[in-house]
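Numbering (my numbering), first residue to last: 928 to 1295. Glycine included, C-beta positions come from ideal geometry on N, C-alpha and C. Below is one structure, written out as structure tokens; comments come after it.
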């Protein structure tokens, strides 16, 4: 049996380890479900205070990853996220290179849905890139994208938390004005969405002055891609909703039968664990914990009064997907790729980076 953290989360297997902590597949004893969990030590909290307001940025959308909760134990913090099994768009590009237009259009549509939800609450993500686009392990079915990592997101109407002219974001995915330290603007995310789409369609990361290949300029997507990548914000498309409305008029083109599969990137479960939970053995009873919902203010939580429910035998629900119109998703589905070796890394759960800093700060504030 693995370590039970704060009486609630049993650490099943280590998925990744980095400078800021460890990432685990964990079993939630209260909810009877697997979670992605990152265990951190409290350190350098003063430099994280600028992100404390992120605890209130809750975006409930099927294409956005949000934190589930956190618990504290001694000098450590564990925070949980949904366990997303299909890796990232960056891995998909690495595996297959350029993707079929049908796939690129579908992923762009879902990314625009996510950005519309983010911008609707007055935020700018500021770090839209393939490695922050998680994918559910849908196999040969329609891909399901989830935007993650709001570590450098900013509110449009907030006072500056960074120095004037300071560049925030990932080089290679910055709009021209963001590269010069401009104030956050939703159109910066739309420019990044255009860069991501260009990379999906070409298999190559765009350079500092991206050029749309002639074949893409002449394609049905060419005009919209050009407006997303307009160098001047005033010439760029105005909103994610407007971009999605234009995308709804575009039909797929090219060969939709390319062999693409979003497969499971998580390692096999260790001995004693099944897809629906632990094998037949007694489970530890949840003790009094300091767990709080990520959406609530920090404070003590009463211990549960009864033993946790037995694990459900039903699989996790598949996220629904409603395309912008029948035209966006038209055409046959890509065929199943040949059998591929499962990855033994935990990259698929990189979503736990979202909310990490603000959750640590919340705990620090609680302790002080």
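Rounded straight-line distance, which links the Cα of residue j to that of residue i
i	j	result
residue 1120	residue 1055	7 Å
residue 1063	residue 1158	33 Å
residue 944	residue 1179	40 Å
residue 1191	residue 1014	7 Å
residue 1044	residue 1207	42 Å
residue 955	residue 940	13 Å
residue 1112	residue 1129	27 Å
residue 1076	residue 966	17 Å
residue 1105	residue 1095	7 Å
residue 1134	residue 1107	16 Å
residue 1122	residue 1041	16 Å
residue 1175	residue 1037	12 Å
residue 1007	residue 959	14 Å
residue 1161	residue 1067	39 Å
residue 932	residue 1005	8 Å
residue 964	residue 994	10 Å
residue 1001	residue 1147	57 Å
residue 1165	residue 1115	10 Å
residue 1021	residue 1058	11 Å
residue 1142	residue 1195	42 Å
residue 952	residue 1201	13 Å
residue 1029	residue 1103	28 Å
residue 996	residue 1197	25 Å
residue 1199	residue 1084	51 Å
residue 1109	residue 1125	23 Å
residue 1137	residue 1060	21 Å
residue 942	residue 1163	40 Å
residue 1228	residue 1154	Unreliable positioning characterises residue 1228 in this predicted model, as indicated by a pLDDT of 38, which lies under 50. The coordinate reading is nonetheless provided below. Going from the Cα of residue 1228 to the Cα of residue 1154 covers about 50 Å.
residue 1023	residue 1016	10 Å
residue 1240	residue 1144	Low confidence applies here, because residue 1240 scores a pLDDT of 38, under 50, leaving its location unreliable and the question unanswered by this model.
residue 937	residue 929	6 Å
residue 1073	residue 1053	16 Å
residue 1203	residue 957	14 Å
residue 1232	residue 949	At residue 1232, the pLDDT of 46 sits below 50, so the modelled position is not reliable; the number obtained from the coordinates is stated separately. Distance between the alpha carbons of residue 1232 and residue 949: 31 Å.
Residues bridged to residue i [DSSP beta-bridge criterion]
i	result
residue 961	954
residue 1060	1074
residue 936	932, 955
residue 1015	1061
residue 949	944, 966
residue 991	1074
residue 1200	1205
residue 1066	1189
DSSP three-state assignment for residue i, whether helix, strand or coil
i	result
residue 1081	strand
residue 1205	strand
residue 1042	helix
residue 1101	coil
residue 1051	strand
residue 1250	Unreliable placement is indicated for residue 1250, whose pLDDT of 40 sits below 50; no coordinate value is reported for it.
residue 1113	helix
residue 1118	helix
residue 973	Here residue 973 scores only 36 on pLDDT, less than 50, and its place in the model should not be relied on; the value that follows carries that caveat. Residue 973 falls in the helix class under three-state DSSP.
residue 1123	helix
residue 1137	coil
residue 1029	helix
residue 1132	coil
residue 1107	coil
residue 1095	coil
residue 986	coil
Anticipated Cβ contact below 8 Å, residue i with residue j, distance rounded
i	j	result
residue 1100	residue 1156	With 8 Å as the limit, residue 1100 and residue 1156 do not qualify as a contact, their Cβ atoms being about 12 Å apart.
residue 1032	residue 1177	6 Å
residue 991	residue 935	Going by Cβ atoms, the distance from residue 991 to residue 935 rounds to 25 Å, so no, they are not a contact pair.
residue 961	residue 1026	Incorrect: roughly 29 Å between the Cβ atoms, too far for contact.
residue 1170	residue 1039	5 Å
residue 1051	residue 1081	5 Å
residue 1167	residue 1046	6 Å
residue 1152	residue 1173	Residue 1152 to residue 1173, Cβ: 10 Å. No contact.
residue 1070	residue 1034	6 Å
residue 1065	residue 1189	5 Å
residue 1193	residue 1012	5 Å
Query raised in the report: In the region 1139 to 1198, which residue ranges form an unbroken alpha helix (DSSP H) of at least 4 residues, counting only runs that do not cross its ends?
Result: 1141 to 1144, 1149 to 1155, 1167 to 1174
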